[in-house]
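Be aware that the sequence shown starts at 1, since it is given in full-length UniProt numbering, and climbs by one per residue.
For glycine and all other residues, C-beta sits at the position ideal for the given N, C-alpha and C.
Since the model is a prediction, treat every value here as computed from it, not as a measurement.
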Amino acid sequence: MIERTVNVMEAAEMISCSRAHAYRLLEAGEIKGYYTGNRRGLRVLERSVEEFIERRKEEYGVAV
Numbered sequence: 001m002i003e004r005t006v007n008v009m010e011a012a013e014m015i016s017c018s019r020a021h022a023y024r025l026l027e028a029g030e031i032k033g034y035y036t037g038n039r040r041g042l043r044v045l046e047r048s049v050e051e052f053i054e055r056r057k058e059e060y061g062v063a064v
């Protein structure tokens, strides 16, 4: 199965945060990504962003 990926800016838009904060979330292991080694650079797993959003909703009691 092929994992869908997004770039860091798209991940930041999904989370509604800055690009810099998205990089901090990657460094902290809150969301997962990898370097491709070509011009596309860092790719973020879309599923990890969605899981992060769900964890935050549960943590803060936000209705879905």
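key: Closest residue to residue 80 among Tyr34, Ala20, Glu58 (Cα-Cα distance)   = Nothing in the structure corresponds to residue 80, since the chain is present only between 1 and 64.
key: Cβ-based burial, Val62 [other Cβ within 10 Å; buried from 16]   = Taking the first residue of the sequence shown as 1, we reach residue 62 at position 62. So Val62 ends up on the exposed side.
ask   = Among Arg19, Ile31, Gly41, which has the Cα closest to the Cα of Arg56?
value = The count along the sequence shown starts at 1 and reaches residue 56 at position 56. Closest option to Arg56, Cα to Cα, is Ile31.
Between the CA atoms of Ser48 and His21 - distance to the nearest angstrom = Working through the sequence shown from its first residue, we reach residue 21 at position 21. Working through the sequence shown from its first residue, we reach residue 48 at position 48. Looking at the two C-alpha atoms, the distance is approximately 15 Å.
query = I think Arg39 touches Asn7, with their Cβ atoms under 8 Å apart; what is that distance to the nearest whole Å?
reply = Against the sequence shown, residue 39 aligns to sequence position 39. Against the sequence shown, residue 7 aligns to sequence position 7. 11 Å between Cβ atoms; not a contact.
inquiry  = On the criterion of 16 or more Cβ atoms from any shown chain inside 10 Å, does Ala12 qualify as buried, or is it exposed?
reply    = Here residue 12 refers to the residue found at position 12 when the sequence shown is read from its first residue. Answer is buried; the Cβ neighbour count reaches 16.
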